[in-house]
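A quick write-up on the structure given underneath.
There are 2 protein chains.
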Amino acid sequence: MPSYTAPVKDMQFVLHDVLQITGSDIPGYADLDAGFTAAVLEEAGKLATDVLAPLNAVGDREGCRLENGVVRTPAGFKAAFDQLREGGWTALDCDPEYGGQGLPYLMGTAVGEILVSANMALNMYQGLTHGAYSAIHAHGTAEQKATYLPKMVSCDWTGTMNLTEPHCGTDLGLMRTKAEPQADGSYKITGQKIFISAGEHDMAENIIHLVLAKAPGGGEGTKGISLFIVPKFLVNADGSLGQRNALSVGKIEEKMGIHGNATCVMNYDGATGYLLGDLHKGMRAMFTMMNEARIGVGVQGYAVAEAAYQNALAYAKDRLQGRDVTGVKNPEGPADPLIVHPDIRRNLMDQKSFVEGARAFTFWGASLIDRAHRTGDASAEGLISLLTPVIKGFQTDKGFDVAVAAQQVYGGHGYIEEWGMSQFARDARIAMIYEGANGIQALDLVARKLAADGGKHVMAFFEMVKTFLKENEGDARLKAGFLDPLKAASKAMQGAGMYFMQNGMKNPNAALSGSYDFMHLMGHVCLGLMWAKMAKAAYAALDAGAADRDFYEAKIATGRYYMARQLPACAMHLARIESGADPVMALRAEAF
Amino acid sequence: MPSYTAPVKDMQFVLHDVLQITGSDIPGYADLDAGFTAAVLEEAGKLATDVLAPLNAVGDREGCRLENGVVRTPAGFKAAFDQLREGGWTALDCDPEYGGQGLPYLMGTAVGEILVSANMALNMYQGLTHGAYSAIHAHGTAEQKATYLPKMVSCDWTGTMNLTEPHCGTDLGLMRTKAEPQADGSYKITGQKIFISAGEHDMAENIIHLVLAKAPGGGEGTKGISLFIVPKFLVNADGSLGQRNALSVGKIEEKMGIHGNATCVMNYDGATGYLLGDLHKGMRAMFTMMNEARIGVGVQGYAVAEAAYQNALAYAKDRLQGRDVTGVKNPEGPADPLIVHPDIRRNLMDQKSFVEGARAFTFWGASLIDRAHRTGDASAEGLISLLTPVIKGFQTDKGFDVAVAAQQVYGGHGYIEEWGMSQFARDARIAMIYEGANGIQALDLVARKLAADGGKHVMAFFEMVKTFLKENEGDARLKAGFLDPLKAASKAMQGAGMYFMQNGMKNPNAALSGSYDFMHLMGHVCLGLMWAKMAKAAYAALDAGAADRDFYEAKIATGRYYMARQLPACAMHLARIESGADPVMALRAEAF
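Here's what the structure looks like:
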C-alpha cells in the first residue's frame with residue numbers, strides 16, 4: 001500500500017528561496033513567512049498522510065455506487081471530507097467576506113498539491129466547488145453571492161461544472177441543453193450533461209450545478225450560450241433548503257481511474273436555474289472556472305506524479321535485486337537495492353527532476369495569478385494566460401509518464417493493483433483529458449495565446465529568459481550546466497515561434513501541425529528556466545552557509561540532470577515543428 | 001465497443017512486396033505464395049473478428065475467478081479456445097512430427113499478431129504453451145517430447161513458465177524453490193512461484209508447468225538452477241492422465257489489465273518434476289523459451305496498438321466536432337469530423353506509422369529466426385539475438401504510447417470503460433514489464449548484445465544500413481524523405497556505440513546510463529530502415545502499374561511522416577547518451 005509525505009521542505013525552498021515571497025510586493029505575501037508556511041503545509045501534510053492517503057486505495061477499490069438515485073461515496077470519504085471542511089482547508093484562499101481565509105492563491109495551490117497527492121479523487125469534490133465558487137464570485141449578483149458563497153466556501157454545499165453533452169465536448173456550439181425564461185426571472189433548464197464530476201454524492205447538503213445552456217435569442221454556436229446556477233435543492237429566502245430541483249443522475253460512469261469521484265450523467269428536466277452573469281455571455285463566465293480548473297489540473301499532473309515517485313523511490317531503496325556493476329553496495333545482503341542500477345537511477349531522476357521542476361513552475365504561475373488579481377497587473381495576467389495551457393497540457397502529459405515510470409520500478413508488482421502503483425497511472429490519465437484535452441491546450445497555446453495582444457506576452461517571456469541569462473552569465477557554476485542549455489532551449493522555442501509566424505498565415509495547418517510539439521517544447525523551456533533559478537537559489541543558500549548542504553546539493557544535481565537529459569527534447573520538437581504540415585496532412589482522410 | 005479487422009493487405013505488403021518471401025532461399029518460404037498467405041490470414045482474421053474480439057471486453061469485465069482451487073475463465077473463453085485449437089491455429093509453426101503444420105515461424109508471427117490484436121488475454125493461453133513447447137522441443141528427451149508435445153501442439157494441454165518468486169524477479173540467483181532428487185530419477189519440487197500467467201484455468205485437460213528450481217550441487221546464484229517439467233496431472237505410461245500433482249494455486253492477482261488471463265501464485269509442495277535438459281543448465285533451457293517469448297511480447301506491443309489505432313481512426317472519422325480551419329469539410333453536418341484537425345491527424349499518423357513500421361520490423365525479425373533455424377545461418381542467429389531486446393523493449397514502450405494516444409482521440413469517452421479504449425492501454429501496459437522489464441531489455445542490448453561475438457552483429461547491422469543507402473542513393477524519390485534521415489539516424493546510433501566503447505570500459509555506468517536511450521535510438525533506426533524499404537517497395541509497385549495506387553501512395557506518405565516526425569528523436573537520444581553517467585549517478589542514493 002503506497003504512502004505519502006508532504007514535501008514541505010521542497011515547497012518551502014520554492015516559496016522562500018526561489019520565489020522569495022516574503023519580500024514580494026504582492027499584497028498579502030509579506031505575511032507568508034517561513035514559520036507560517038511551514039505551519040500550514042505541515043498541518044495539511046498531516047491530514048494528507050493520516051486521513052486522505054489511506055483512503056486513496058479504498059476509493060479506487062470501492063468506487064461510487066448509484067442506489068435509487070443517490071450516489072454513495074466510498075467508506076470513509078464523508079468523514080474525511082468533513083475533516084477537510086472543518087479544518088478550513090476548503091476556504092484557504094477564499095474571500096473573507098464569505099467566510100474564506102483570504103490567503104493568496106499560491107498557498108491554496110501548495111496545499112492543493114498536498115491534498116491531490118494524497119487522494120486525487122477525494123480532493124476533486126472540493127476542487128470543483130472552488131471553481132464554481134470563483135465563477136459565482138466573479139459573475140454573480142450580490143444576492144447570488146450571499147446565497148451560495150458562504151456555503152460553498154465551507155463546502156457544506158459543493159459545486160459542479162456542466163459543459164459536455166453526449167454529442168458535444170470541445171465544440172460547445174453544438175450544445176442542445178435549453179434554458180426557457182420564466183415569468184419570475186428564472187429559467188427552466190432541460191437537457192442532458194455528461195462527465196459531471198461530483199455530480200451527485202452523499203458528502204454535502206446541497207450541490208450547486210453550474211450549467212451551460214442555450215437561452216432564446218442568442219444566435220448560433222457558442223454565442224447563444226449562457227451560464228446558469230442550478231441547485232440540487234432550491235434555496236429558500238432564509239437560506240434554508242427548499243424544494244428538490246428537477247434534476248437527477250442518469251448513471252455513474254465506470255472509469256479507468258479516479259473511482260472515488262462520481263462521474264455522472266446529469267438529466268435536467270425543466271430544472272429551475274438562475275442566470276449567472278450576462279445573458280448569452282456564458283462562455284466568458286465559464287472560462288473563469290475553466291482557467292482556474294486548468295491550473296488545478298496541471299497541479300494534479302505533477303501531484304500524482306509526486307506520490308508515485310515517493311513510492312517508487314522507497315521501493316528502489318528497499319528491493320534487493322542484482323549487484324552494482326561498479327562494486328557490491330550491500331555485502332551483508334543477498335543483493336544490492338535496485339537504486340544502485342543506472343537505469344533505475346535514470347528513471348528515478350526523470351521522475352524527481354520533473355516533479356520538482358513542475359512544482360516550481362506551478363507555484364510561479366500561482367504567484368502570477370496573485371499578482372494579476374491583487375495588483376491588477378495586466379502583464380502578469382497576460383503571462384499566466386500564456387502559461388496556463390502549458391501548465392495543464394505539458395504537466396499532465398509528463399505527470400502521467402512519471403506515474404507510468406514509477407510503476408515500472410516495481411516490475412511485475414507495479415501491474416498488480418494491491419501495490420497501488422497502477423492506481424497512480426490510471427488516476428493520472430484523466431488529467432490529460434478533462435478541462436480541455438491536451439490537444440486543445442496546444443491549440444489554445446499556439447492559435448490564441450501566442451498571438452494574444454500582438455504577441456506581447458510571449459515576447460515578455462523570452463525577454464525574461466534573456467534577462468535571467470544576462471544577469472547570471474558571470475556565474476561560472478551556472479554556465480555550462482544551466483545557462484547554456486537554457487539558452488539553446490529558448491532559442492529552439494523562438495525558432496518554432498518564428499516558423500509559425502512565417503508559415504502560419506499562409507497555411508494555418510503549418511502552425512497547428514506543430515502545436516503539440518510546441519506545448520512540450522515550451523514546457524521544457526519553462527522547467528529549464530525554473531531549474532536554472534533553483535540552482536541559483538541553491539548556490540546562494542550554500543554560499544550563505546546553509547546548514548542542510550545535502551538538500552541544496554541534491555537540488556543542483558537534480559537540476560543538472562533535467563538540463564542534460566530533458567532539454568535535448570527541445571531540438572527534437574523544433575525539428576518536428578519545422579517539418580511543417582506536409583507530413584501530417586499529406587494523407588487524405590479517405591486514404592487512412 | 002471496439003471492433004477489429006485483420007490488416008491482411010498490409011501484412012501481405014510486408015510479406016510479399018518488402019520481404020519477397022516467395023523468392024527467398026529459406027526452406028519452406030517458396031510455398032508461401034500470395035494466395036496461400038491471403039487464405040491463412042483472412043481465415044485467422046475471420047476468427048479474430050467474429051469470435052475473439054467480441055470476447056475481449058467480456059474478459060476484461062469478468063476477469064478470472066478462483067473458486068475452490070479452480071480458476072474459471074470468463075464466459076465464452078473456453079468455447080473460443082476450442083475454436084482456436086480445432087482450427088489448428090495453435091499448431092501452425094509446430095513440428096509436424098508432433099502434429100504441427102510445419103509452417104515457418106514468420107507465418108505463426110503474422111497470425112499471432114491477428115490473434116493478439118483481437119484478444120490479447122485469451123491468446124496468452126496458447127502463446128505461453130508455444131514457449132513451453134519450444135523449450136521441450138529443444139531440450140527434452142525423445143520420451144518427453146513424445147509424451148508432451150502432441151498434446152501441447154494441439155493445446156489440449158497448455159504450458160506455463162515459472163521463474164519469478166516473491167523476493168526474486170530479474171535476479172534469479174536469489175531463487176529459493178528447491179528440487180530434491182528421487183530414487184526413480186524424478187525430483188520433488190518445493191517452493192512458491194508468482195506471476196504465473198495461465199497457471200491454472202478451465203480450458204485444457206492438463207497444464208504443463210516448466211519450473212526453475214535449485215537442485216543440490218549446482219553452487220550459488222544462477223549456476224545452481226535447473227529446469228523441470230511439472231505437470232498438473234502426472235501422465236501415465238499410456239499417455240492418459242494420472243494422479244494430481246502436489247501443486248496448487250495460492251491466489252490469482254488483481255491486475256491493471258489482461259483480466260481474462262489468470263495470473264497465479266503457484267505453490268509447489270513436493271510436486272513431482274522431471275529434469276528438462278541438463279542438470280544445473282536450467283537458465284540456458286529457459287532462455288529458449290524466453291527469447292521466443294520476448295519476440296511474442298514485442299508482437300503484443302504493436303498488435304494491441306493496431307487494434308487501438310483502428311478504433312481511434314474510426315472514431316476520428318465519425319465524431320463531429322469543430323470545423324477545419326482551412327475550410328468546412330462537412331457542410332451538410334453540424335461540424336466536421338475530428339480527422340480534419342491537424343493535431344488529431346498528427347496523433348493518428350504517430351499511431352499508424354509506428355504500427356506499420358513495427359509490423360515490418362517484426363516480420364523481418366521472424367524471417368531471421370526462420371533463416372537461423374532452417375538454414376543454420378549463424379549470422380542470422382546473431383542478428384536476431386541483437387534485435388530481440390529492441391523488438392521487445394522499444395515496441396512495447398511505443399505500443400503502450402500508441403494505445404494511450406488512441407484513447408486520447410476519444411476525449412472523455414476514452415476514459416470510460418464502456419468504450420473499450422482504456423482496456424487497450426491497460427492491457428498494453430504489461431508488455432513493458434513481463435518477460436524482462438524494458439530496462440532489462442536495454443541492459444541486455446547494451447551490456448551483452450552489442451559486444452557479442454566481438455561486436456560482429458551490430459557491425460553487420462550498420463553494414464546492412466550502409467549497403468541499403470548505397471544501393472539506393474541514385475533514387476531521387478527516396479533521397480530527401482527517406483535516405484537522408486535514415487543516414488542521420490544511423491550515424492547517431494553509431495555515435496552512441498562509439499561513446500559506449502570509449503567510455504564503458506573505464507566506467508560501465510557510462511554505458512548503462514544510456515542503455516534505455518540506446519534501445520529507443522536503435523528502435524527508430526530499425527523502423528526507419530523498414531520505412532525506407534517499404535517506400536522503395538511501394539514505389540516499385542507503383543512503377544509496375546499496381547492497381548491499388550492509393551494503398552501504395554498512403555504507404556509512402558506514412559513513411560515520410562515517420563522519417564520527418566519520429567527520427568528526430570535519434571539526436572535527442574544521442575545527446576542524452578553522450579551526457580554520460582554523471583547526471584544520472586551524481587546524486588548519492590542516500591541523498592534522494
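Protein chains in written order, with UniProt numbering: chain Y, 1 to 592; chain W, 1 to 592. Just so it is clear, CB atoms sit at the ideal spot from N, CA and C, and this is done for glycine as well.
How many angstroms separate the CA atom of Ala535 (chain Y) from the CA atom of Gly436 (chain Y)? 33 Å
Chain-order list of residues whose beta-carbon lies under 6 Å from that of His201 (chain Y) (same chain, five-residue window excluded): Val71, Thr73 and Ala262
Which residues in the same chain as Gly102 (chain Y) place their Cβ atom closer than 8 Å to its Cβ, once the five residues preceding and following it in sequence are excluded? Gly28, Asp93, Cys94, Asp95 and Pro96
Going along the chain, which residues of its own chain have a beta-carbon closer than 7 Å to the beta-carbon of Asn507 (chain W), five neighbours each way excluded? Ala581
Using alpha carbons as the reference points, say which of W:His524, W:Lys178 and W:Glu67 lies closest to Phe394 (chain W). W:His524
Among W:Met498, W:Ile433, W:Ala575 and W:Thr22, the one whose alpha carbon lies nearest that of Thr164 (chain W): W:Ile433
Over what stretch of residues does the beta strand (DSSP E) that includes Val525 (chain W) continue unbroken? Per DSSP, Val525 (chain W) belongs to no beta strand (DSSP E); it is in the alpha helix (DSSP H), Ser515 to Asp543.
For Tyr434 (chain W), which of helix, strand or coil comes out of DSSP? coil
Below 8 Å, can you find three or more Cβ-Cβ pairs linking the segment 1-19 of chain W to the segment 111-126 of chain W? yes
Pull out every residue of the segment 433-457 of chain Y whose Cβ sits closer than 9 Å to any Cβ of chain W, in chain order. Ile433, Tyr434, Ala437, Asn438, Gly439, Ile440, Ala442, Leu443 and Ala447
Taking the DSSP output, what are the residues bridged to Val211 (chain W)? W:Asn162 and W:Phe228
Taking only beta-carbon atoms, is Tyr415 (chain Y) less than 8 Å away from chain W? yes
Which residues of chain W have a Cβ atom closer than 8 Å to the Cβ of Gln321 (chain Y), listed in chain order? Cys168, Gly169, Thr170, Asp171 and Leu174
Is Tyr315 (chain W) close to chain Y? Criterion is C-beta to C-beta, closer than 8 Å. no
Any beta carbon from chain A within less than 8 Å of Leu348 (chain Y)'s own beta carbon? Given the protein chain composition of this structure (Y and W), no chain A is represented.
For a minimum of 4 consecutive residues, which ranges assigned as the alpha helix (DSSP H) are wholly contained in the segment 365-422 of chain Y? 378-409
For the beta strand (DSSP E) containing Cys264 (chain Y), list its first residue and its last residue. Thr263 to Leu276
Just to confirm before moving on: does the CB-CB distance between Arg247 (chain W) and Asn206 (chain W) stay below 8 Å? A small correction: the amino acid at residue 247 (chain W) is Leu; Arg does not occupy that position in the sequence shown. No.
If we cut at 8 Å on Cβ distances, does Gln408 (chain W) have a partner in chain Y? yes
Please list the terminal residues of the continuous beta strand (DSSP E) segment that includes Gly217 (chain Y). Gly217 (chain Y) -> no beta strand (DSSP E), and no H or E assigned at all.
For Lys188 (chain Y), which beta-bridge partners are listed by DSSP? Y:Glu180 and Y:Thr272
Against chain Y, with Cβ distances strictly below 8 Å, would Gly504 (chain W) count as a contact? no
Identify the residues that DSSP records as bridge partners of Lys67 (chain W): which are they? For clarity, residue 67 (chain W) is Glu in the given sequence; the question names Lys instead. W:Val70.
On the CB-based measure, 16 or more other CB atoms within 10 Å of its CB, does Asn236 (chain Y) come out buried or exposed? exposed
Does any CB atom of chain Y fall closer than 8 Å to the CB of Ile252 (chain W)? no
How many Å lie between Ala110 (chain W) and Ala452 (chain W) at the Cα? 29 Å
Counting only beta-carbon separations shorter than 8 Å, does Phe195 (chain Y) have a partner in chain W? yes
Among the candidates Y:Ala308, Y:Ile339 and Y:Ala303, whose CA atom is the shortest distance from the CA of Ala316 (chain Y)? Y:Ile339
Answer yes or no: do Val402 (chain W) and Phe361 (chain W) have a C-beta to C-beta separation smaller than 8 Å? no
Taking 8 Å as the CB-CB cut-off, is Pro331 (chain W) touching chain Y? no
Where do the N-terminal and C-terminal ends of the beta strand (DSSP E) with Phe233 (chain Y) fall, by residue? Phe233 to Val235
Extent of the continuous beta strand (DSSP E) to which Gln243 (chain Y) belongs: Leu241 to Arg244
Runs of alpha helix (DSSP H) lying entirely within the segment 439-492 of chain Y, each at least 4 residues, in chain order: 452-472
Under 6 Å Cβ to Cβ from Asp60 (chain Y), same chain only, skipping five residues before and after it: list those, please. His259 and Gln423
Supposed contact pair Ala442 (chain W) and Tyr539 (chain W) - C-beta distance, whole angstroms, cut 8 Å: About 35 Å; that fails the 8 Å criterion.
Is there contact here, the segment 121-141 of chain Y with the segment 271-283 of chain Y, by at least three beta-carbon pairs under 8 Å? yes
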